[in-house]
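Numbering (this note's numbering), first residue to last: 73 to 589.
Glycine is no exception: its CB is placed at the ideal position from the N, C-alpha and C atoms.
Below is one structure, written out as C-alpha cells; comments come after it.
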Ligand code: XMP
C-alpha cells in the first residue's frame with residue numbers, strides 16, 4: 073500500500089528510541105510522508121527508495137558500546153540530506169571521523185540553545201531557543217568539514233552542520249513539544265534542506281487508497297468486522313466509499329457492549345452508510361460461555377473463541393467474499409516487524425483475543441496500515457463519521473466482562489451498563505470526555521453496608537476509573553474535579569438499584585493496569 077503514495081518521502085532510521093514514531097508523526101504533520109525503517113538499512117536500499125531526506129532517531133545506546141546499533145556509513149555519501157538527532161548525531165559524528173564522549177552526569181531537561189552560525193535550519197527560529205535535552209554522550213570532536221551551528225551552556229555542539237554537504241545533527245530532541253521551536257526546526261530541515269513541498273494530504277491518501285482498493289478487490293466481496301471502535305469504523309466507511317454494496321459488515325453483539333453501543337453502530341452503518349450489515353445476536357451464547365467463570369484470562373479465552381465461532385459462521389453465509397478487512401495501523405505494522413524495511417519486532421504484550429481461524433481463507437485488506445491513530449481520526453471525520461465515534465475512548469474486545477469482576481451475569485451487566493452510561497454522560501456534560509484517555513465504571517464483587525432512608529442496605533460497590541495516557545502502556549489517573557465525581561456518585565447511587573457505594577480509582581499504571589481484570 074505504501075508504494076507511489078507520494079514521490080516525497082522521508083526515512084526515519086530507528087535506533088531503538090521511543091522517539092522514532094514521534095519523529096515520524098511530526099514529519100507527517102508537516103504534510104511530508106515518511107516511513108520508519110530499521111537502523112541498519114543498507115545504503116543501496118536507501119538509494120533504491122530515493123527518499124528526499126533521512127532522519128536518524130535517538131536511541132538508548134552509546135556509540136562505542138559493544139553491540140551498539142550502527143547505520144551503514146554509506147548513507148552519508150548518497151548526496152541525500154541527513155539529520156541526526158541525539159544518538160543520531162553521535163552516529164553521524166562517529167561514522168564521519170569525529171569523536172563522541174561521555175558526560176559526567178546525564179543531561180535531562182530544558183536548556184537554552186544559542187544560534188552560533190546562520191543555517192537553513194534556523195529560519196524563523198529565535199537566537200536563543202528552549203530545547204529539550206536527554207543524553208549521556210555528546211560530541212567531543214567534530215568530524216572534518218563540520219561546524220557548530222548552536223550551543224548550550226553545557227553542550228558546545230548542540231547543533232552541527234557540514235560546511236558544504238546537507239548533513240546536520242542536533243543533540244536535543246526537536247520532536248518533543250518541550251523544544252519550543254522544534255517543529256519549526258524540523259520543518260526547516262524538510263523544506264529548506266530536503267526540498268520537500270509538504271504535499272502529503274489525507275485527501276490524497278483517501279483517493280489513492282480507494283483507487284487501489286477498487287483495483288485489488290475487483291468484483292469480489294469484502295467482509296469487515298465492526299466493533300464500534302474507531303479503527304474498524306473508519307475501515308468500513310472507507311471501503312463503503314470505495315466499493316459500496318460489495319462491502320458486507322458483521323457486528324457480533326456479544327451482550328458485553330455498553331449502553332446503546334450496538335444500536336448506534338447499526339444506525340450509523342445502515343442509515344448513514346447503507347452497508348450490507350449482518351448483526352449476530354449472540355448475547356445468550358456469550359453469557360452461557362461465561363457462566364461460573366471468574367478467572368479473567370479464562371473469560372478472555374472464552375469470549376475470543378465465541379467471537380470467532382460467531383464471526384466465522386456468519387462470514388460463511390456471505391457469498392463471493394474473498395477479502396477480510398482489518399484496521400491494522402502503522403504502529404502495529406512497525407511493532408510487529410511487518411514493514412518490509414521496518415525495524416525488527418518489539419515484544420509487546422497484546423491482549424487482543426485471537427485472530428480469525430485460518431480455514432476462513434480470506435485475503436487481508438488493511439487500508440489503514442500506513443496511518444497513525446491521529447491520521448485515522450482525521451480520515452474518519454473526512455469520511456463523514458460523527459465526532460463521537462472518531463474520538464471514542466478505546467474499549468476492550470472482551471467488553472464489560474472484564475469490568476464486571478468475578479462471575480458475569482445478565483443482572484450484573486445491566487447494573488454496570490447503566491452506571492457506566494451515567495459516568496460517561498456526566499463526563500461529557502463536564503466537557504471532559506476528550507480530555508481523558510479512557511473513563512469507565514467497574515462493578516466490584518464487594519458488598520458493603522449503607523443506609524437509604526431509614527433502612528439498612530447491603531449492596532455492591534462500584535469503582536470509577538479514568539486515566540490520562542499517550543500510549544496506554546503507562547497511564548496516570550485523571551484528576552477529575554470533585555464536583556464531577558460527586559455528580560457521578562450521587563446519580564449512580566440514586567438511580568441504580570444495587571449500588572450503594574462509589575469509589576474512585578487513584579492508581580497509576582504501572583503498577584496497576586487500566587482495566588481491573
Ligand atoms: P491494561 O488493562 O492492560 O489496558 O492497562 C491497556 C489498554 O488495553 C485495553 N485492553 C484490552 N483491549 N482486549 C482488548 O482489545 C483485551 O482483552 C484488553 N484488555 C485491556 C484497555 O482497555 C486499555 O485501553
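Put simply, the stretch 122-137 touches the stretch 85-100. At least three CB pairs are less than 8 Å apart.
One thing to note: residue 397 has its Cβ within 8 Å of the Cβ of residue 294.
A straight line joining the alpha-carbon of residue 201 with that of residue 180 spans about 16 Å. Counting the other CB atoms within 10 Å of its CB gives residue 456 a total below 16, which places it among the exposed residues.
Excluding five sequence positions before and after residue 506, the CB atoms of its chain that fall closer than 7 Å to its own CB belong to 463, given in chain order.
Under the Cβ criterion (8 Å, minimum of three pairs), the stretch 334-341 does not count as touching the stretch 359-376. According to the DSSP secondary-structure assignment, residue 86 is paired through a beta bridge with 110.
CA-CA distance, residue 381 to residue 320, rounds to 18 Å. If you ignore the 5 residues before and after residue 187, its C-beta comes within less than 6 Å of the C-beta of 194, 199 and 222, all in its own chain and listed in chain order. When DSSP states are grouped into helix, strand and coil, residue 572 belongs to the strand group. In terms of side-chain proximity, the C-beta atom of residue 179 is found no nearer than 7 Å to any non-hydrogen atom of ligand 1. Under the three-state reduction of DSSP, residue 282 is assigned to helix. Counting every other CB atom within 10 Å of its CB across the protein chains shown gives residue 513 a total of 16 or more, marking it as buried. With contacts defined as CB atoms closer than 8 Å, residue 489 and residue 472 qualify as a contacting pair. Look at residue 192 here: in three-state DSSP terms it is helix. For residue 435, the enclosing beta strand (DSSP E) has its first and last residue at 435-437. The DSSP-derived three-state label of residue 330 is coil.
Ligand 1 has a heavy atom closer than 7 Å to the beta-carbon of residue 586. By the Cβ rule, the stretch 138-146 does not count as touching the stretch 274-282, because fewer than three pairs are nearer than 8 Å.
Every alpha helix (DSSP H) of 4 residues or more that sits fully in the stretch 100-172 is shown, in chain order, as 115-121 and 159-167. Contact between the stretch 204-217 and the stretch 235-253 is present: three or more C-beta pairs spanning the two stretches fall below 8 Å. The residues 359, in chain order, have a CB closer than 7 Å to that of residue 482 in the same chain once the five nearest residues on each side in sequence are set aside.
Per DSSP, residue 463 has no beta-bridge partner at all. In the structure shown, residue 210 adopts extended strand secondary structure according to DSSP, grouped into three states. Rounded to whole angstroms, the gap between the alpha carbons of residue 378 and residue 442 is 31 Å.
Secondary structure note for residue 379: its alpha helix (DSSP H) is the uninterrupted segment 368-388. In the displayed model, residue 432 falls within a helix according to three-state DSSP. For residue 312, the uninterrupted alpha helix (DSSP H) run begins and ends at 302-315, by DSSP. Listed in chain order, the alpha helix (DSSP H) elements of length 4 or more contained wholly in the stretch 237-288 are 254-260.
Rounded to the nearest whole angstrom, the C-alpha separation of residue 411 and residue 400 is 12 Å. Distance between residue 345 and residue 370, taken at the CA atoms: about 36 Å. Relative to ligand 1, even the nearest heavy atom lies 7 Å or more away from the CB of residue 361. In terms of Cα proximity to residue 486, the closest of 414, 416, 332 and 561 is 332. Taking C-beta separations shorter than 6 Å and ignoring five residues to either side along the sequence, the partners of residue 417 in its chain run 408 and 409, following chain order. Residue 251 is positioned such that its CB atom lies no closer than 8 Å to that of residue 261. Excluding its 5 nearest sequence neighbours in each direction, residue 103 has C-beta neighbours in its own chain below 7 Å: 270, 271, 272 and 273, listed in chain order.
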